[in-house]
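Each residue of the sequence shown is one higher than the one before, counting from 571 in the working numbering.
Ideal Cβ placement from N, Cα and C applies to all residues, glycine included.
Given the structure is predicted, the values throughout are model-derived calculations rather than measurements.
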Amino acid sequence: MKKFALIIISFFVVIACQNKPQSNLNDMIAQKKIIAKQIDSLNKQLILLDKSIAKLDTTQSLQLVTTISLKPTIFKHFIAIQGFVGTDKNSIIKPEVSGTIKAVLVKESQHVNKGDALIKLDDTLIKDNIAEVKTQLALAVTTFNRQARLWEQKIGSEMQYLQAKANKESLDNKLATLKTQLSKSTITAPFSGTIDAIIPNIGELVSPVSPVIRLVNLDDVYVEADVSENYIGKIKKGDEAKVYFESLDKTFETKIAQVADFIDPNNRSFKVKIFINNQDQSLKPNLIATIKINDFTVNSAITLPSSIVQEDQKGNNFVYTLQQENKAYKVVKTLVVKGLSYNDYTYIQSGLTLNASVIEKGARGIKDGQIVSVLNQ
């Protein structure tokens, strides 16, 4: 620096003496060139000094990063599929006998118990037939009893006795059939539930193929879904499942109740069924659900935020870790083998140990070998 100051002083001395007779323009130009070369040399020396100072100065501004402390955790991966609500107690009720509707004994949305009467068919004809058969049966019974007494006394022929017996038994059977038909003229609830729809009106003729009432019980429902055959060995009965209904914003945590053994050749999938308690009756048949099924679990895993697991030009996955050298922290590019990812976290199969310090924030703006400042150390 002293040399630089002497050169500057010499320059001003020259300027000051420029009016002297012995100085001339050529001398001044030559002197200027000499001073310019010396200034350029000094500038280069200043640049080299700045670089050396930067290497040795521990107070220089370093890029800030944060690190993650690794600890074993449970990693669970879920697959998401779409399913639909169903129930085994969702029935279209049909009459067992033909007839004209005489009375509808319930209303829609009404709760009924098993065995309650729902619809009454016109049973006038059946009752008339029953009355007629009863009259015929009374005569047949009298005739049979008389023939039986005569036969015991060896009076009359066996044929007369057998004919009387057959006539009585035939009428007994006919009466029993008519009584059964009479009982079927009243349509009853096969199970407890709610009347969802009443289809015909009073006075309409119905038959055993005619639907008359939809009866639904929603206390216990299930969600059924088709799962790709790719998961046939990964999903089993008892696996954890989460069922989410977007329209209701409700989630149920449950387990898989049934896994089918048959693969549908049309869509290459198998069915899974999950039972759900529906005491508040909010779940309706055919309601869409999103099912998340746990297909992979590691009880003691190293996981990292997926955003910090990078890939180089060779296709290798890596993260940046820290290596302490004296009082400095050096960035080290560490190759890893990653597994499945779920909820923005990635399972690290190999490449890291629990004592590694993995760079989280700032990992995208650094490079291997760089010295950084650690914010959370």
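Item: Hey, out of L752, L818, K704, K806, whose CA is closest to I826's CA?; Value: K806
Item: What do you get for D693, buried or exposed, if any count of 16 or more other CB atoms within 10 angstroms of its CB means buried?; Value: buried
Item: Can you say whether T712 is buried or exposed, counting buried as having 16 or more other CB atoms within 10 angstroms of its CB?; Value: exposed
Item: Return the residue from the list K614, K738, V813 that minimises the CA-CA distance to V842.; Value: V813
Item: Check whether the segment 819-838 and the segment 797-805 touch, using three or more Cβ-Cβ pairs below 8 Å as the test.; Value: yes
Item: I need the straight-line Cα distance from L675 to I689, nearest angstrom please.; Value: 6 Å
Item: Is the beta carbon of I863 less than 7 Å from the beta carbon of I649?; Value: yes
Item: So, is T891 buried or exposed, given that buried needs 16 or more other C-beta atoms within 10 angstroms?; Value: buried
Item: I believe K667 touches K754 by the beta-carbon criterion, under 8 Å. Please report the beta-carbon distance rounded to the nearest angstrom.; Value: In the sequence on display, residue 667 carries Val and not Lys. The Cβ separation is near 5 Å, so the contact holds.
Item: If you draw a straight line from the alpha carbon of Q717 to that of Q723, how long is it in whole angstroms?; Value: 10 Å
Item: State yes or no: is the C-beta of N887 within less than 7 Å of the C-beta of V906?; Value: yes
Item: For the beta strand (DSSP E) holding S639, just list the boundary residues, first then last.; Value: 637-639
Item: Please return the same chain residues whose Cβ sits closer than 6 Å to the Cβ of A687, not counting the five positions on each side in sequence.; Value: L675, T756, T758
Item: Please check the pair I783 and I769, which I expect to be a contact at CB under 8 Å, by giving their CB distance rounded to whole angstroms.; Value: 7 Å
Item: With distances taken from CA atoms, which of T904, I861, Y912 is nearest H647?; Value: Y912
Item: With contact counted as at least three CB pairs below 8 Å, one residue from each stretch, are the segment 849-865 and the segment 784-793 in contact?; Value: yes
Item: CB-CB under 6 Å to D766, same chain, minus the five flanking residues each way: which ones, in chain order?; Value: R784, V786
Item: Considering only the beta carbon of each residue, do A933 and G653 sit closer than 7 Å?; Value: no
Item: Closest to T657 by CA distance: which of F845, D865, S870 is it?; Value: F845
Item: What's the C-alpha gap between T643 and I833?; Value: 35 Å
Item: Is K937 helix, strand or coil when you go by DSSP?; Value: coil
Item: What alpha helix (DSSP H) runs, 4 residues minimum, are completely inside the segment 646-697?; Value: none
Item: How many Å lie between S661 and L640 at the Cα?; Value: 56 Å
Item: Are the beta-carbon atoms belonging to N683 and L748 less than 7 Å from one another?; Value: no
Item: Which residue marks the beginning of the alpha helix (DSSP H) containing Q730, and which one marks its end?; Value: 728-754
Item: How far does the beta strand (DSSP E) with I963 in it extend, from its first residue to its last?; Value: With the chain running from 571 to 947 in the structure shown, residue 963 is simply not present.
Item: Around the Cβ of I861, are there at least 16 other Cβ atoms within 10 angstroms (buried) or fewer (exposed)?; Value: buried
Item: Mind checking which residues open and close the beta strand (DSSP E) that includes R784?; Value: 783-786
Item: Taking 7 Å as the cut-off, decide whether the C-beta atoms of V928 and I605 are in contact.; Value: no
Item: By DSSP, does S611 sit in helix, in strand, or in coil?; Value: helix
Item: Between K908 and V879, how many whole angstroms is the CB-CB distance? I'm expecting something under 8 Å.; Value: 6 Å
Item: State the DSSP-derived secondary structure class of L616, mapped to helix, strand or coil.; Value: helix
Item: Can you tell me the Cα-Cα spacing of R719 and D742, whole angstroms?; Value: 20 Å
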